[in-house]
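Report on the following structure.
Residue numbers (the working numbering): 7 to 420.
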């Protein structure tokens with residue numbers, strides 16, 4: 007039997023394939039959004055996912071057939087899978103929204119400066135009640151400078167955000183704003199708290215929650231396969247030739263860097279054209295800083311990536327691509343759509359990072375389908391190695407002081 011035919015052995019119907027793929031995707035993406043809702047909506051979402059999963063697993067079929075241990079085992083294992091997948095949204099770092107450092111929303115507006123020259127300034131559009139800025143800054147205030155330094159006239163919003171993030175080296179401090187209010191200039195002092203990290207690695211134990219979610223989603227995928235009468239072979243997981251898969255993962259990693267660089271160049275130019283470069287640098291610096299500040303050694307991070315990157319390949323390539331093939335009818339479309347969905351999970355790194363990650367996902371997908379002919383281990387190992395090498399590079403850049411220089415916002419020419 008060919009690898010292609012083996013992948014679709016006992017394949018589900020198109021309707022069931024769509025429902026299974028959607029459940030796995032929602033279970034992957036939802037925990038990071040639970041922090042945005044209250045307790046009652048959180049309970050409702052969790053219960054809906056539980057009902058959805060049970061509807062696909064149908065434990066009552068085994069119960070009615072007299073296979074009560076099997077039915078009970080299915081329910082317990084699904085509960086374990088759902089609990090592990092959702093735990094970070096309930097109890098971990100993703101379940102706790104850090105308070106805003108300043109607590110304002112703003113926009114860039116163009117005004118006439120000295121000599122009638124038009125320049126951009128930051129204007130406050132909303133002050134969050136109870137935030138540090140509440141009672142000190144007002145809607146309509148125009149921020150001209152921070153801590154004694156005037157903001158850039160060409161990209162004030164990006165510089166304003168960076169000044170807020172880096173004030174006091176991220177620790178609690180008092181910030182001084184040069185404010186234009188109703189035509190008059192004044193200095194407003196605002197005590198601010200520590201900088202909240204927007205990346206999913208904002209807590210030292212974030213990697214543990216990520217590993218727990220990886221285990222939960224992997225167990226969910228396994229249960230869905232089992233109910234369909236499928237197994238590891240239908241994910242591209244094969245025992246034969248594992249040593250060869252390990253060796254093949256090396257050129258796959260090299261290809262991943264080639265794909266990443268090829269995507270980076272046009273995206274960097276696009277970022278300059280759309281004036282997104284500074285925002286992207288801030289977002290990526292937060293991710294890099296969060297990763298470094300977890301305090302993990304390279305071997306520990308590598309071990310975690312075997313699980314986390316393995317789960318991503320298991321879910322997005324091994325499980326999702328074949329089901330999308332059933333729905334779309336051809337492999338390239340399935341690979342591209344799966345890669346796009348994979349990229350959407352990386353918005354915390356910046357808008358352009360979503361596209362860059364999608365390109366990387368498409369590369370891994372095409373290797374899985376067209377190069378390795380539905381053998382997943384080499385792709386899983388390559389993905390884990392890719393992440394580990396990047397982490398090692400981040401550590402070196404941070405310790406050498408180069409990370410701060412590389413990610414510093416550009417200073418416009420006067």
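Note that CB positions come from ideal geometry on N, CA and C, so glycine has one too.
{"Check": "Look at the Cβ atom of residue 146, then the Cβ atom of residue 187, and state whether they are nearer than 9 Å.", "Outcome": "yes"}
{"Check": "Within the same chain, show all residues whose beta-carbon is closer than 7 Å to that of residue 25, passing over the 5 residues directly before and after it, in chain order.", "Outcome": "62"}
{"Check": "Quick one: what's got a C-beta closer than 6 Å to residue 27's C-beta in the same chain, skipping five residues either side?", "Outcome": "326, 329"}
{"Check": "Do you know offhand how far residue 420's Cα is from residue 301's?", "Outcome": "Model confidence at residue 420 stands at a pLDDT of 37, short of 50, so the residue's coordinates are unreliable; what they give is reported in the following sentence. Computed Cα separation, rounded: 40 Å."}
{"Check": "Using the three-state DSSP reduction, which class does residue 113 fall into: helix, strand or coil?", "Outcome": "strand"}
{"Check": "With H, G and I counted as helix, E and B as strand and the rest as coil, what does DSSP make of residue 65?", "Outcome": "helix"}
{"Check": "Is residue 126 helix, strand or coil by DSSP?", "Outcome": "strand"}
{"Check": "Output the distance between the C-alpha atoms of residue 333 and residue 22, rounded to the nearest integer angstrom.", "Outcome": "10 Å"}
{"Check": "If we call anything under 9 Å between Cβ atoms a contact, is residue 80 one with residue 233?", "Outcome": "yes"}
{"Check": "Just how far apart, CA to CA, sit residue 14 and residue 75?", "Outcome": "29 Å"}
{"Check": "Helix or strand or just coil, what does DSSP make of residue 341?", "Outcome": "helix"}
{"Check": "Can you give the Cα-Cα distance for residue 340 and residue 349, rounded to whole angstroms?", "Outcome": "14 Å"}
{"Check": "Suppose you measure from the CA of residue 53 to the CA of residue 189; what does that come to, to the nearest Å?", "Outcome": "54 Å"}
{"Check": "Which residues bound the alpha helix (DSSP H) around residue 22?", "Outcome": "20 to 35"}
{"Check": "Given a threshold of 16 other Cβ atoms within 10 Å of its Cβ, counted over all protein chains shown, does residue 402 qualify as buried or as exposed?", "Outcome": "exposed"}
{"Check": "What's the gap between the Cα of residue 382 and the Cα of residue 243?", "Outcome": "6 Å"}
{"Check": "Can you give the beta carbon distance from residue 92 to residue 37, rounded, assuming they're within the 8 Å contact cut?", "Outcome": "5 Å"}
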